[in-house]
Structure formats: structure tokens, C-alpha cells
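Presented below is the structure to which this report refers.
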Amino acid sequence: MKILSFRYCEIGSNWNLPEINLEMLTLLVGASGVGKTKILNAIENLKNLALGKESNRRIPAINWSIKFIENESTYIWSGETNIKKELEILYGNDEEKSNTSSIEFTYEKLVKVNHPDTLTIFERSISDINFLRDKIVPKVTTSKSYINIFSEEEHIAPIIKGFNSIYSFHFENERRVVLPSNIKRESEALSGLDEEKSAIALAALRESNMPILGKMYFAYRYFEEIFNKIKEDFIDIFEYIIDLRFHKDRDNKDNSEPWILQIKEENSDWIPSSEISSGMFKSLTFVGMNYLIPKNSVILIDEFENSLGINCIDLLPTNLNPDAQYLLTSHHPYIINKISMNQWKIVSRHSDQIVVKNASDYKIGHSKHEAFKQLINLTAYTEGREEA
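Right, here's the structure in full:
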């Protein structure tokens with residue numbers, strides 16, 4: 001999937017994001033609290049709605065439109081949801097109990113816009129349903145998207161694949177991943193595959209929902225070329241590292257002997273992942289992600305600089321997957337200065353309205369150094385306030 005543009009409005013709170021265009025690399029910059037993280041969350045909310053997934057946070061009543069490319073076709077998915085009244089009264093603002101199961105679709109439409117006739121795949125409201133121009137459609141639940149309900153249909157299956165390719169990089173979750181001792185036995189079917197079947201297995205690994213650390217384990221055991229590329233990129237960042245491996249932890253206190261990641265420095269013993277610094281581990285999982293995500297993925301990373309040193313931050317412009325789309329947020333001057341101003345989206349607020357502008361909208365200069373100096377003197381950037 002490649003997201004071309006989207007808009008998103010929370011009906012109850014009037015939090016309104018007007019339509020913004022996204023590039024293959026987009027960096028959201030701006031003061032704290034203006035809504036950068038919320039923009040990433042909005043995309044994740046749309047993914048969860050499309051796939052019918054439960055969300056870790058409450059998805060409010062929203063109105064949205066998202067334009068994207070999948071499998072060389074361009075689509076627009078738009079709609080509006082409400083929160084079911086009885087659940088709203090029962091749970092109020094309880095985010096743990098009020099999730100996607102409390103949602104009611106009041107309007108939804110999916111259009112294939114580069115079809116010769118601009119094909120409306122489906123359109124529904126409270127009273128009418130139209131699926132591929134067929135008026136006779138069985139009545140289905142209003143709590144799920146038609147994308148989820150008709151996921152097996154020929155025209156819908158590519159959309160499911162596209163939304164499944166949106167990946168939110170949560171470093172803290174990767175750090176908690178445990179690889180059980182029986183993972184080797186369960187993966188022995190991958191041994192001895194011919195070249196064609198190995199390529200199919202690698203594609204399936206990339207498209208799986210497995211944590212990056214788990215994917216790296218399979219690469220270590222069965223896709224040596226991929227693992228060696230990860231290792232080489234990692235050693236380029238940390239030159240004192242000489243090797244990387246997965247090894248059974250036979251000293252584990254509960255005798256479960258899980259597989260653990262280990263690194264080796266010059267003139268030292270193997271070091272377990274539990275003793276690796278946060279910045280080093282985050283850098284490794286980021287590098288691994290770039291090799292082990294499917295083509296045409298959309299990668300969401302909030303506050304990329306957290307836990308990273310300058311040497312790690314340098315990997316950002318040079319180690320990106322050319323087939324993936326990246327949407328990042330950052331406060332870090334070094335990161336902002338490393339990325340072309342043509343890829344900045346400057347986020348600010350005007351009342352409830354989110355304002356997202358390009359650097360060119362503020363007539364920011366052409367050189368990187370001059371552009372960054374002008375950025376840090378903008379009221380919209382420093383105070384998060386868009387002047388009328």
C-alpha cells in the first residue's frame with residue numbers, strides 16, 4: 001500500500017485533520033501536543049476499522065477519507081461511524097471497554113478511481129446498500145466495515161492485503177518478545193526447501209504478523225543471505241560489534257531454554273540481548289524491519305529518536321527500504337536536519353483545527369541549513385500555534 005492522502009475528523013471532540021498528502025518519506029514536525037502522534041494513531045485506527053481488529057485504545061465516532069494505491073490501482077475509502085448509544089451510556093469514556101465493538105457504521109464507500117468507469121465497489125448507509133451495483137445484498141452487521149465482512153471477495157482482497165501492510169513500530173513491544181525453545185522444532189519444515197519454495201516461504205515470513213525479533217530468528221536459521229545483510233548494516237553502525245546470533249539460553253531460571261539474541265564485541269564473550277543498550281537494540285530491530293517487511297508496507301514510527309544516539313540516527317536516511325512508505329514524527333534537530341525539507345510536514349493548531357503545511361508554504365529557504373534555522377524560528381513550530 002501507498003497512502004496518497006487522508007483526512008480524519010473526530011465527531012464528538014471536533015478534532016479535525018483536513019486532507020494531507022503523504023510522500024514515500026514524510027516527517028511530521030512541530031511542538032508537543034499539536035497532534036503529530038494522533039495523526040499516526042488515526043492511520044492505525046483506520047487500519048483496525050478496515051480489518052475488524054480490536055483496538056488498544058478507544059476509537060471515537062469519526063468521519064474519514066483515505067486515498068491509497070494497492071496493486072497498481074488507486075482507491076478511496078470513506079465513511080462515518082457512531083458510538084452505539086447504549087454502550088456510550090454504559091461505559092462512558094472507559095477506553096478499555098469501549099473499543100471497536102462499540103462502533104456503528106452509518107456510512108461507508110469504497111471506490112476504485114483509476115477504473116475506466118470509476119468503479120464503486122460498495123456504498124452503504126443506514127437505509128441503503130449497494131455492492132458492485134447489486135441492490136440485493138444480505139443484511140449484515142453495522143459494527144464492522146464492509147472491507148472486513150467481504151474480505152474474500154475478489155475486489156476486496158487487495159484492500160485487506162494493503163491495510164495488513166501498515167506496520168506501527170513499537171520498540172518497547174519488540175524488547176519484550178520471548179522466543180520459546182520449541183520454535184526450532186516447529187520451524188523445521190523450512191529446512192531443505194528448493195529456491196522457488198524458499199522464496200515463497202520468505203515472502204510469507206515478511207507478510208506475517210510475527211514480531212521483528214521472531215522474523216530475525218527465522219532469517220538467522222533459514223534465510224542466511226537476509227540475516228547477513230541485517231548483520232552487516234548493524235555492524236556498520238556499531239563498528240566494535242563483530243558478530244550476531246541466536247542461541248539457546250540454557251541458564252534460564254525456569255528451565256524453558258528460550259532462544260535469545262546475542263552480540264559479540266571484539267575481545268569479549270557473547271552478550272545477551274538483555275544487556276544490550278536500548279539504542280543498540282532499537283537500531284537492530286529497525287534494520288531488521290527494513291529487510292523483513294513486505295514490499296509496499298507503510299511504516300509508522302512515533303518519536304524516532306527515542307533511545308538513539310547520533311550514530312543510530314544516521315541510519316535513518318541511508319537504511320530505508322526503497323519499497324516502503326515511512327511516516328515519522330520527531331522533535332530531534334539532528335533528524336529534522338538530516339531529512340529534506342521537501343519531506344517535512346509542519347503540524348500546528350488553530351482552535352480545534354489541525355494545520356499541516358509544507359515547508360514551502362512558509363517560504364522556508366532552499367539550503368538545508370537555512371531551512372532549519374527558519375523552521376526553529378516559526379511560531380507554528382515553536383509554539384504549535386498557527387497565526388490567523
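With full-length UniProt numbering applied, the sequence shown corresponds to residues 1 to 388, in that order.
Positions of the beta carbon are idealized from the N, C-alpha and C atoms, including for glycine.
Integer Cβ distance of residue i from residue j, believed to fall under 8 Å
i           : j           : result
residue 47  : residue 79  : With 8 Å as the limit, residue 47 and residue 79 do not qualify as a contact, their Cβ atoms being about 14 Å apart.
residue 49  : residue 300 : Actually they are not in contact, since the Cβ atoms of residue 49 and residue 300 sit about 16 Å apart, beyond 8 Å.
residue 122 : residue 130 : 6 Å
residue 83  : residue 55  : Not a contact, Cβ separation roughly 13 Å.
residue 74  : residue 106 : About 25 Å separates the two Cβ atoms, so there is no contact after all.
residue 165 : residue 321 : Contact doesn't hold; Cβ gap of about 12 Å is too wide.
residue 28  : residue 329 : 5 Å
residue 44  : residue 168 : 6 Å
residue 160 : residue 147 : 7 Å
residue 178 : residue 272 : Between residue 272 and residue 178 the Cβ distance is about 13 Å, and since that is not below 8 Å, they are no contact.
residue 374 : residue 26  : Contact doesn't hold; Cβ gap of about 19 Å is too wide.
residue 234 : residue 283 : 7 Å
Simplified DSSP state of residue i, which is helix, strand or coil
i           : result
residue 326 : strand
residue 237 : helix
residue 140 : coil
residue 385 : strand
residue 298 : strand
residue 47  : helix
residue 360 : helix
residue 286 : helix
residue 193 : coil
residue 150 : coil
residue 260 : strand
residue 265 : strand
residue 303 : coil
residue 130 : strand
residue 116 : coil
residue 213 : helix
residue 229 : helix
residue 293 : coil
residue 179 : strand
Assigned exposure category for residue i - 16 Cβ within 10 Å defines buried
i           : result
residue 132 : exposed
residue 376 : exposed
residue 141 : exposed
residue 100 : The predicted model places residue 100 with a pLDDT of 49, which falls under 50 and marks its position as unreliable; any figure quoted below should be read in that light. Result: buried.
residue 57  : exposed
residue 2   : buried
residue 154 : exposed
residue 30  : buried
residue 206 : buried
residue 211 : buried
residue 363 : exposed
residue 172 : exposed
residue 128 : exposed
residue 217 : buried
residue 224 : exposed
residue 270 : exposed
In DSSP terms, what residue i is bridged to
i           : result
residue 9   : 16, 63
residue 350 : 353
residue 79  : 64, 108
residue 125 : 107
residue 247 : 260
residue 320 : Beta-bridge pairing links residue 320 to no other residue.
residue 21  : 5
residue 172 : For residue 172, which the question treats as bridged, DSSP gives no partner whatsoever.
residue 29  : 346
Neighbour flag for residue i against chain B, beta carbons, 8 Å
i          : result
residue 39 : In summary, chain B is missing from the structure at hand, where a single protein chain is found.
Distance cut-off 7 Å: residue i Cβ against heavy atoms of the ligand ATP
i           : result
residue 166 : No copy of the ligand ATP occurs in the structure displayed, which carries no ligand at all.
Answer yes if the stretch 284-297 comes into contact with the stretch 47-67, meaning at least three C-beta pairs across the two stretches below 8 Å, and no otherwise.
-> no
Give a yes or no on contact between the stretch 347-362 and the stretch 14-23, applying the rule of three or more CB pairs nearer than 8 Å.
-> Per the Cβ contact rule, the stretch 347-362 is in contact with the stretch 14-23 (3 or more Cβ pairs under 8 Å).
Are the stretch 196-207 and the stretch 326-335 touching, with three or more C-beta to C-beta distances below 8 Å?
-> no
Answer yes if the stretch 261-272 comes into contact with the stretch 227-244, meaning at least three C-beta pairs across the two stretches below 8 Å, and no otherwise.
-> yes
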